[in-house]
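K.L.:
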């Protein structure tokens, strides 16, 4: 085989690989999120994270007058994955998610996946205190989930609402915070790719219950 022919074959192989990669990247960037398979994968992530969160909370609160509810909704697009405080690897993954994350996303129903994963509807409040008298009541909802190819990394936003009625006389009311995180799958478990130490708390100025919990635009988002 002469040099020219070898170069032509090599060039063809390189161009073919590049074209294949470009097509794969284009398919991923435009992957529809409302297919049954995608929705099922999202609900599996939410169920795995909720199971960890609620069983961990239940172990902490014991018989105190506190209660946390399981996820009330999975809706809306995930926030922008910002990289402050992250390693270069996580920043690079975040940049890919920035290209691929959906800007619009409707609500999905994950109740069946939560039930299948044995996620309780609430934890705590073992003394049976009436809900309106609980010292702490927590609520949570998730955004839709975006995945990198292979399904090991996922991007989602989580909004927590929590009321602490007896914390003090000035700030009693709803605290709401939203955070956007990159999650990593390890076996059947999901964990944050890297944890950030502090998230902004937004306090309800009215000090009323259940005023403004999950109100659009109320909680300022941080990574």
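Residue numbers (our numbering): 1436 to 1658.
For each residue, glycine too, the CB sits at the ideal point set by N, CA and C.
Remember, predicted model here, so these are calculated numbers, not experimental data.
#1: Just tell me which of 1527, 1506, 1528, 1572 has its CA closest to the CA of residue 1546.
#2: With distance defined between alpha-carbon atoms, name the residue in 1588, 1489, 1561, 1570 nearest to residue 1477.
#3: Comparing alpha-carbon positions, which option in 1629, 1630, 1619 lies nearest residue 1483?
#4: Is the Cβ-Cβ distance between residue 1580 and residue 1593 less than 8 Å?
#5: Let me know the secondary structure DSSP gives residue 1499 once reduced to three states.
#6: Under 6 Å Cβ to Cβ from residue 1595, same chain only, skipping five residues before and after it: list those, please.
#7: Which class does residue 1564 belong to by DSSP, given the choice of helix, strand or coil?
#8: Can you name, in chain order, every residue of its own chain whose Cβ lies under 8 Å from the Cβ of residue 1472, other than the five neighbours on each side?
#9: Taking 8 Å as the cut-off, does the region 1509-1516 touch the region 1559-1578 (at least 3 CB pairs, one atom from each stretch)?
#10: Between residue 1630 and residue 1487, what straight-line distance do the alpha-carbon atoms span, to the nearest angstrom?
#11: Name the one or two DSSP bridge partners that residue 1582 has.
#12: Could you tell me if residue 1514 is buried or exposed, where buried requires 16 or more neighbouring beta carbons within 10 angstroms of its beta carbon?
#13: Helix, strand or coil, according to DSSP, for residue 1648 in the structure here?
#14: Is there at least one Cβ from chain B nearer than 8 Å to residue 1511's Cβ?
P.N.:
In terms of the structure at hand:
#1: Along the chain shown, one-based indexing puts residue 1546 at 111. Of 1527, 1506, 1528, 1572, the residue nearest in Cα terms is 1506.
#2: The residue labelled residue 1477 in the question sits at position 42 within the chain shown. Here the closest residue by C-alpha is 1588.
#3: Stepping through the chain shown from its first residue, residue 1483 is reached at position 48. Its Cα nearest to that of residue 1483, the residue 1619 stands out among 1629, 1630, 1619.
#4: Taking the chain shown and counting its residues from 1, one reaches residue 1580 at position 145. Taking the chain shown and counting its residues from 1, one reaches residue 1593 at position 158. Taking 8 Å as the Cβ cut-off, residue 1580 and residue 1593 do not qualify as a contacting pair.
#5: One-based indexing of the chain shown puts residue 1499 at position 64. Here residue 1499 sits in coil by DSSP.
#6: As a first step, residue 1595 is located in the chain shown; it is residue number 160 there, counting from the start. Within the same chain, residue 1595 has close Cβ partners 1575, 1612.
#7: Position 129 of the chain shown, counting from 1, holds the residue named residue 1564. Three-state result, residue 1564: coil.
#8: Here the question's residue 1472 lines up with position 37 in the chain shown. Counting only residues of its own chain and dropping the five nearest sequence neighbours on each side, residue 1472 has no CB closer than 8 Å to any other CB.
#9: Taking a cut-off of 8 Å for Cβ pairs, the region 1559-1578 and the region 1509-1516 touch, as three or more such pairs fall below it.
#10: If you number the chain shown from 1, residue 1630 lands on position 195. If you number the chain shown from 1, residue 1487 lands on position 52. For residue 1630 and residue 1487, the distance between alpha carbons rounds to 16 Å.
#11: As a working note, residue 1582 is residue 147 in the chain shown. In the DSSP assignment, residue 1582 forms a beta bridge with 1589.
#12: Position 79 of the chain shown, counting from 1, holds the residue named residue 1514. Under this definition residue 1514 is a buried residue.
#13: As a working mapping, residue 1648 is identified with position 213 in the chain shown. Coil, per DSSP.
#14: Among the chains of the structure shown, chain B does not appear; only one protein chain is present.
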